[in-house]
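Novice: For my numbering, add 2 to where a residue sits in the sequence shown, where the first one is 1. Where is the CB? At the ideal position from N, CA and C, for every residue including glycine. Nothing here was measured: the structure is a model prediction, and the numbers come from that model.
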Amino acid sequence: MREYSAIIVTRPRAQLEALKQAIGQELSRLKSGLTLPVLGLPLLEIVPYRSAELAQAIERSLRHADLLTFASPNAFLTCDQLLAQFGYAWPIGLNVAVIGGGSEQTIDGSRLVPKTLIKPTNPDKWDSEGLWETLKPFNESWQGQQVVMIHGDGGRALLAQRLSEAGALVDEFSVYQRQGLPESDPLWGAMQLLYEEQFCQLEQAPIWILSSSQACQFLGQGIDRLGISKTWLHASLALVTHYRIGQAAQAIGFSRVEEFTPGDESIAKYVAKVVQRAL
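Printed below as a string of structure tokens:
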């Protein structure tokens with residue numbers, strides 16, 4: 003009997019299908035021939051801000067930017083769509099800094115062609131502090147450097163603080179807000195069914211792919227609303243992209259947590275390895 007019932011991808015909708023397909027392709031290569039359903043549960047809904055004034059303000063600030071930073075793949079995707087909607091192109095020759103490989107992958111092949119793309123070389127440092135450590139030697143002095151930061155509500159306060167303390171002139175723009183998946187969404191019903199049919203009857207739990215601490219909080223709230231026992235999460239495996247997300251997963255009931263490198267290809271290969279290991 004197989005150990006896992008399904009693989010559940012919890013990314014926002016814009017990034018969900020690509021990862022589901024990548025995982026499905028990797029699983030199809032397993033010699034065992036075992037197939038697991040790959041399901042989507044977009045725990046975070048990205049709600050973009052779509053005003054002409056915001057697009058114009060960003061475009062104006064970019065004209066003089068020495069550095070452009072994106073807090074996440076969603077920050078880039080939402081900003082790119084906003085600028086395109088109002089007829090703006092990305093300036094040529096921008097230095098761009100990102101937290102990690104997911105944002106780099108999203109930018110690759112897009113309308114934005116950076117002069118330089120900067121990210122922490124060590125995947126264990128793919129966070130704000132790691133990016134600042136990478137940025138510090140990029141300029142001899144940050145005094146008077148114009149930095150444009152693109153993020154969602156809440157942003158990357160630590161990175162903005164470090165840059166400002168070093169003398170940079172920081173323009174921050176929030177291009178979206180995050181909302182939890184509405185409790186009326188039928189995908190919650192699919193989770194209820196998975197719990198009742200696979201866990202309660204067959205004692206099989208899913209593999210969860212979690213890439214946000216806030217998503218973990220929304221998952222815990224959703225499970226409580228559905229009346230699902232926390233033993234389901236306790237028996238499940240949580241795969242996370244950062245140790246802080248792992249801590250958030252443990253806080254809502256996961257007992258098994260493994261950390262992996264972000265990026266669709268690396269995630270898909272890691273999931274296939276986990277499934278193969280369980281056979």
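Measuring alpha carbon to alpha carbon, tell me which residue in Q147, L46, L43 and A251 is nearest V172.
Specialist: If we check each option's Cα against that of V172, Q147 comes out closest.
Novice: Grab the span of the beta strand (DSSP E) containing Q179 for me, first residue to last.
Specialist: Per DSSP, Q179 belongs to the beta strand (DSSP E) from Y178 to G182.
Novice: Less than 7 angstroms between the C-beta atoms of A240 and W210, yes or no?
Specialist: Yes, the pair counts as a contact, with Cβ atoms nearer than the cut-off.
Novice: For the pair the stretch 71–79 and the stretch 29–44, tell me if three or more CB-CB distances fall below 8 angstroms.
Specialist: Touching, no.
Novice: Leaving aside the five residues before and after W234 along the sequence, list all residues of the same chain whose C-beta is less than 7 angstroms from its C-beta, in chain order.
Specialist: Contacts found: Y197, F201 and A207.
Novice: Please report the straight-line C-alpha distance between M3 and L204, rounded to a whole angstrom.
Specialist: Residue placement at M3 cannot be trusted, given a pLDDT of 39 that sits under 50; the coordinates are not used to answer.
Novice: Suppose the cutoff is 6 angstroms on Cβ atoms and the five residues either side in sequence are ignored; what does the same chain contact list for A282 look like?
Specialist: Outside the modelled stretch of the chain, which goes from 3 to 281, sits residue 282, for which no answer is possible.
Novice: Between the stretch 221–230 and the stretch 259–276, can you find at least three pairs of beta-carbon atoms closer than 8 angstroms?
Specialist: Touching, no.
Novice: Quick one: residues in its chain with C-beta nearer than 6 angstroms to the C-beta of F256, no 5 flanking neighbours on either side, listed in chain order?
Specialist: The residues are L235 and A240.
Novice: Can you tell me where the beta strand (DSSP E) with Q148 in it begins and where it stops?
Specialist: Its beta strand (DSSP E) spans residues Q148 to H153.
Novice: Would you identify the three-state DSSP class for S7, choosing helix, strand or coil?
Specialist: Of the three classes helix, strand and coil, the one that applies to S7 here is strand, per DSSP.
Novice: Under 7 angstroms between the Cβ atoms of L195 and L45?
Specialist: Not closer than 7 angstroms, so no.
Novice: Any contact between the stretch 93–108 and the stretch 116–133? By contact I mean 3 or more CB pairs, one from each, below 8 angstroms.
Specialist: Segments in contact, yes.
Novice: For L96 versus P116, is the C-beta spacing smaller than 7 angstroms?
Specialist: A contact, by the Cβ cut-off of 7 angstroms.
Novice: Under 7 angstroms between the Cβ atoms of T108 and P122?
Specialist: Going by C-beta atoms, T108 is not nearer than 7 angstroms to P122.
Novice: Since V149 contacts D68 with CB under 8 angstroms, what's their CB separation in whole angstroms?
Specialist: At roughly 7 angstroms, the Cβ-Cβ gap stays under 8 angstroms, so V149 and D68 are in contact.
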